[in-house]
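Colleague:
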Amino acid sequence: MDVELNVGWVYPAMGHSVNEESANYGHPAHRGFQQHIDADPILLPDVDIGPFAGTFAKPLVEAWQLAIPEYDVYILENAEAVYAAPFIRRAYPDATIILLAAHRVFGLESYDFASDPFPKSVFRRGERYLDQRLIRRFIRSYVDGVLAVSDLVKSTVEQFAPGLPVEVVYPYVQPDMVEALDGVTPNLGSNHAVTVCEGRDHKGVDLLVEAWSQVREQIPDATLHIVGSGHPEKYESTPGVTVRGFVDDLGDEYGKASLYVHPARADAFGVTVTEAMRAGVVPLVTRTTGAYPIVREVSPDMVVELNVESLADGVIRYFEQSDNVRQQWSKQAIKGSKPFVEDKMIRKFKNWLRTLLEKDNYRIQFKNLPKQ
Numbered sequence: 132m133d134v135e136l137n138v139g140w141v142y143p144a145m146g147h148s149v150n151e152e153s154a155n156y157g158h159p160a161h162r163g164f165q166q167h168i169d170a171d172p173i174l175l176p177d178v179d180i181g182p183f184a185g186t187f188a189k190p191l192v193e194a195w196q197l198a199i200p201e202y203d204v205y206i207l208e209n210a211e212a213v214y215a216a217p218f219i220r221r222a223y224p225d226a227t228i229i230l231l232a233a234h235r236v237f238g239l240e241s242y243d244f245a246s247d248p249f250p251k252s253v254f255r256r257g258e259r260y261l262d263q264r265l266i267r268r269f270i271r272s273y274v275d276g277v278l279a280v281s282d283l284v285k286s287t288v289e290q291f292a293p294g295l296p297v298e299v300v301y302p303y304v305q306p307d308m309v310e311a312l313d314g315v316t317p318n319l320g321s322n323h324a325v326t327v328c329e330g331r332d333h334k335g336v337d338l339l340v341e342a343w344s345q346v347r348e349q350i351p352d353a354t355l356h357i358v359g360s361g362h363p364e365k366y367e368s369t370p371g372v373t374v375r376g377f378v379d380d381l382g383d384e385y386g387k388a389s390l391y392v393h394p395a396r397a398d399a400f401g402v403t404v405t406e407a408m409r410a411g412v413v414p415l416v417t418r419t420t421g422a423y424p425i426v427r428e429v430s431p432d433m434v435v436e437l438n439v440e441s442l443a444d445g446v447i448r449y450f451e452q453s454d455n456v457r458q459q460w461s462k463q464a465i466k467g468s469k470p471f472v473e474d475k476m477i478r479k480f481k482n483w484l485r486t487l488l489e490k491d492n493y494r495i496q497f498k499n500l501p502k503q
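Count along the sequence shown starting at 1, add 131, and that's the number in the numbering used here.
In structure tokens:
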């Protein structure tokens with residue numbers, strides 16, 4: 132029997148109203164998914180809990196204070212929204228709860244500790260361990276299905292929640308960025324690399340900076356631009372490394388580079404990888420980056436282990452390639468990035484969501500989801 136379901140999409144509190152045009156809640160691709168299935172946004176209240184801000188107590192209190200409207204299906208935006216799952220289940224026992232899983236399902240390697248002085252760092256590790264345990268317990272106990280943003284996330288969820296239905300749904304490059312990147316010509320003849328991310332431990336930029344000293348021993352003119360907010364200026368004490376911070380024009384940075392490096396300790400996907408590929412910049416990623424299967428199609432050599440030596444070897448190996456090989460890999464990168472656009476991923480998202488819900492014995496109809 133076909134049924135039309137009402138869907139609510141639960142976002143973590145970000146201090147913005149969902150009614151604001153410029154609201155910065157959730158991942159841009161996930162907001163696109165939400166809007167294309169006509170799901171209603173539900174934002175956890177932004178609660179000030181004083182000294183416990185930044186701990187799992189904040190999303191827990193916010194979920195407890197949430198006035199939960201009734202829907203047939205709730206989609207939870209990432210790990211913080213999982214704290215709403217037990218309250219949703221208690222209020223609406225027959226509802227279907229789906230998690231859009233990305234960051235913070237991997238374990239302690241997906242958290243940030245470097246900026247915490249002793250003894251706060253010890254407390255933070257204990258608190259993050261409890262956060263991880265609670266999130267995984269709530270997923271096992273209250274979530275009916277998972278949409279994972281990569282196969283890496285999928286395999287992780289299947290390890291701690293065996294038997295839970297999981298489908299993979301990739302994020303996409305934003306349409307305005309696609310247009311800008313299509314106009315970029317990378318400097319493939321250079322020995323210049325770029326990495327783009329916020330300055331957070333799990334992004335692994337400190338490992339790349341440490342590796343750069345080894346790179347310079349073999350490639351003396353090798354240079355690296357670190358783009359994104361929050362990176363320490365001390366990185367510039369390493370020869371060849373420049374901290375660019377936030378930039379208005381990413382296309383300009385990609386146009387200077389022949390290599391993009393994503394050295395993550397744990398990253399659910401890494402949209403900047405597919406952005407760089409769209410610009411024709413050859414990617415190098417760790418195996419702990421969710422986008423690594425896509426990069427492997429460019430060349431298996433461009434996927435490396437998570438350590439300083441492997442990162443250095445990968446960069447050196449690329450910079451030693453001929454112009455012909457670089458051109459070939461650049462073309463492969465562009466080709467591999469083509470599916471990661473809004474219209475294609477929206478269609479796949481709808482089909483993946485349908486698959487999960489039909490496992491829960493629904494035949495689904497959405498206003499914007501055509502019948503198969």
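Just so it is clear, CB atoms sit at the ideal spot from N, CA and C, and this is done for glycine as well.
Just reading off the beta strand (DSSP E) that LEU278 is part of, what are its end residues?
Modeller: From DSSP, the beta strand (DSSP E) with LEU278 extends over 276 to 279.
Colleague: Assuming HIS393 and THR403 make a contact with CB atoms under 8 Å, what is their CB distance in whole Å?
Modeller: 7 Å between Cβ atoms; contact.
Colleague: Please report the straight-line C-alpha distance between GLY139 and VAL204, rounded to a whole angstrom.
Modeller: Near 6 Å, if we compare the C-alpha coordinates of VAL204 and GLY139.
Colleague: Using CA coordinates, which residue listed in GLY185, VAL213, THR373 and ALA170 is at the minimum distance from LEU85?
Modeller: This structure cannot speak to residue 85, because the chain is shown only from 132 to 503.
Colleague: In angstroms, rounded to a whole number, what distance separates the CA positions of VAL178 and THR186?
Modeller: The alpha-carbon atoms of VAL178 and THR186 are separated by roughly 12 Å.
Colleague: Could you check what DSSP says for VAL236 in three-state terms: helix, strand or coil?
Modeller: Note: VAL236 maps to coil in three-state DSSP.
Colleague: Judging by CA-CA distance, which residue of ALA422, LYS189 and VAL446 is the nearest neighbour of ASP432?
Modeller: If we check each option's Cα against that of ASP432, VAL446 comes out closest.
Colleague: Which residue's Cα is closest to the Cα of TRP195: ILE229, ASP225, ALA144 and HIS167?
Modeller: Measuring from the Cα of TRP195, the nearest candidate turns out to be ALA144.
Colleague: Determine the contact status of ALA443 and GLN345, defining contact as a CB-CB distance below 8 Å.
Modeller: Yes, the Cβ-Cβ distance between ALA443 and GLN345 is below 8 Å.
Colleague: Go ahead and label GLY276 buried or exposed: buried means 16 or more other beta carbons lie within 10 angstroms of its beta carbon, across all protein chains shown.
Modeller: So GLY276 counts as buried.
Colleague: What residues match up with VAL374 in a beta bridge as DSSP calls it?
Modeller: In the DSSP output, where bridge partners are listed per residue, VAL374 has ILE357.
Colleague: Give a yes or no on contact between the stretch 361 to 372 and the stretch 456 to 473, applying the rule of three or more CB pairs nearer than 8 Å.
Modeller: The stretch 361 to 372 vs the stretch 456 to 473: no contact.
Colleague: Roughly how far, in whole angstroms, is the beta-carbon of VAL325 from the beta-carbon of TYR423, given that I think they are within contact range, below 8 Å?
Modeller: Their Cβ separation, rounded to whole angstroms, is 18 Å, which puts VAL325 and TYR423 out of contact at 8 Å.
Colleague: Find out if the Cβ-Cβ distance for the pair ARG448, LEU319 is shorter than 8 Å.
Modeller: Not in contact: ARG448 and LEU319 (Cβ atoms no closer than 8 Å).
Colleague: Does the beta-carbon of ALA184 have 16 or more other beta-carbons within 10 angstroms, so that it is buried, or is it exposed?
Modeller: Classification of ALA184: exposed, given that the 10 Å Cβ count is below 16.
Colleague: Cα separation between GLY359 and GLY376?
Modeller: GLY359 and GLY376: Cα-Cα distance of roughly 5 Å.
Colleague: Under the rule that 16 or more other beta-carbon atoms within 10 Å means buried, what is GLU152, buried or exposed?
Modeller: With a pLDDT of 41 at GLU152, under the threshold of 50, the modelled position of this residue cannot be trusted; read the value that follows with caution. Label assigned to GLU152: exposed.
Colleague: Where does VAL315 fall in DSSP's three states?
Modeller: Three-state result, VAL315: coil.
Colleague: Counting only runs that start and end within the stretch 297 to 347, where is the alpha helix (DSSP H) found for 4 or more residues in a row?
Modeller: The qualifying runs are 306 to 312.
Colleague: Can you list, in chain order, the stretches of the alpha helix (DSSP H) that have 4 or more residues and sit fully within the stretch 163 to 238?
Modeller: For the stretch 163 to 238, whole alpha helix (DSSP H) runs of length 4 or above, ordered along the chain, are 188 to 196, 209 to 212 and 216 to 222.
Colleague: Should the stretch 301 to 317 be regarded as contacting the stretch 404 to 418, the criterion being three or more beta carbon pairs within less than 8 Å?
Modeller: Output reads yes: the stretch 404 to 418 touches the stretch 301 to 317.
Colleague: THR354 to PRO172, Cα distance in whole Å?
Modeller: Distance between the alpha carbons of THR354 and PRO172 is about 43 Å.
Colleague: Can you list, in chain order, the residues of its chain with a C-beta nearer than 7 Å to that of TYR202? Leave out the 5 residues immediately preceding and following it.
Modeller: ASN137, VAL138, GLY139 and ALA226, listed in sequence order.
Colleague: Which of the three DSSP states is assigned to GLY401 in this structure?
Modeller: If DSSP states are grouped into helix, strand and coil, GLY401 belongs with coil.
Colleague: Pull up the DSSP beta-bridge partners for HIS158, would you.
Modeller: In DSSP, HIS158 forms no bridge with anything.
Colleague: Determine the DSSP secondary structure at LEU283, reduced to helix, strand or coil.
Modeller: In this structure, LEU283 counts as helix in the three-state DSSP scheme.
Colleague: Identify every residue that forms a DSSP beta bridge with VAL434.
Modeller: VAL416, per the DSSP bridge assignment.
Colleague: Excluding sequence positions up to five away, which residues of its chain have a Cβ less than 8 Å from the Cβ of PRO176?
Modeller: The residues are ALA144, GLU193, GLN196 and LEU197.
Colleague: Grouping DSSP H, G and I as helix and E and B as strand, with all else coil, what is LEU487?
Modeller: Correct three-state label for LEU487: helix.
Colleague: Cβ of GLU341 within 8 Å of Cβ of LEU487?
Modeller: No, the pair does not count as a contact, with Cβ atoms beyond the cut-off.
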